[in-house]
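Numbering (the UniProt record's numbering), first residue to last: 1 to 140.
Right, dumping it as structure tokens:
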């Protein structure tokens, strides 16, 4: 991993060293099956120096979040995860189901997560609930 070194000198002659490095994804999103109208979270965590900014893309198009539009039902969390207040699936608005990636960027480059699919459950689908504190999944 390429790194650049920045040296800063203070007024008393002290030196501060800081190593900058490009982003890398440390937590990739997982596939989800969610019922229409329910909340959901696609996790993504990135590290880098300086701290990377995170954007989400669905089927190749940038996802609009509350940072772009305060009325959006999608929120970009401080961790970089994408939180859906409610899953939308209908004719009147653009559905949330699709293939998602998160992209982390800083001035040294970018990192792209694995693809994660978000599916809206049909009556015959099984629904998976994931407990982040234990990492287990329960299928119903």
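Backbone N, C-alpha and C define an ideal beta-carbon position, used for all residues, glycine too.
None of these values were measured; they are calculated from a predicted model.
Between residue 37 and residue 87, the gap from beta carbon to beta carbon is short of 8 Å. Taking residue 27 as the centre and dropping the five residues before and after it, the same chain places the C-beta of 43 and 45 closer than 6 Å to its C-beta, in chain order.
Straight-line spacing of the CA atoms in residue 20 and residue 121 works out to 43 Å.
Excluding residues up to 5 positions away in sequence, 46, 47, 48, 52, 104, 105, 106, 108, 109, 110 and 111 lie with their Cβ nearer than 8 Å to the Cβ of residue 23 in the same chain. Per DSSP, reduced to three states, the secondary structure at residue 70 is coil, with no helix or strand assignment. Just so you know, the alpha carbons of residue 89 and residue 50 end up roughly 37 Å apart.
Taking 8 Å as the upper bound for CB-CB distance, residue 98 and residue 59 are in contact here, some 5 Å apart. The bridge partners DSSP lists for residue 109 are 106. Counting along the chain, no beta strand (DSSP E) covers residue 77, and no H or E run does either. From the listed residues 41, 69 and 34, the smallest Cα separation to residue 101 is found for 41. Within the same chain, 28 come within 6 Å of residue 114 by CB-CB distance, once the 5 residues on both sides are set aside.
Between residue 85 and residue 73, the gap from beta carbon to beta carbon is short of 8 Å.
When the beta-carbon positions are compared, residue 96 and residue 118 come within less than 8 Å of each other.
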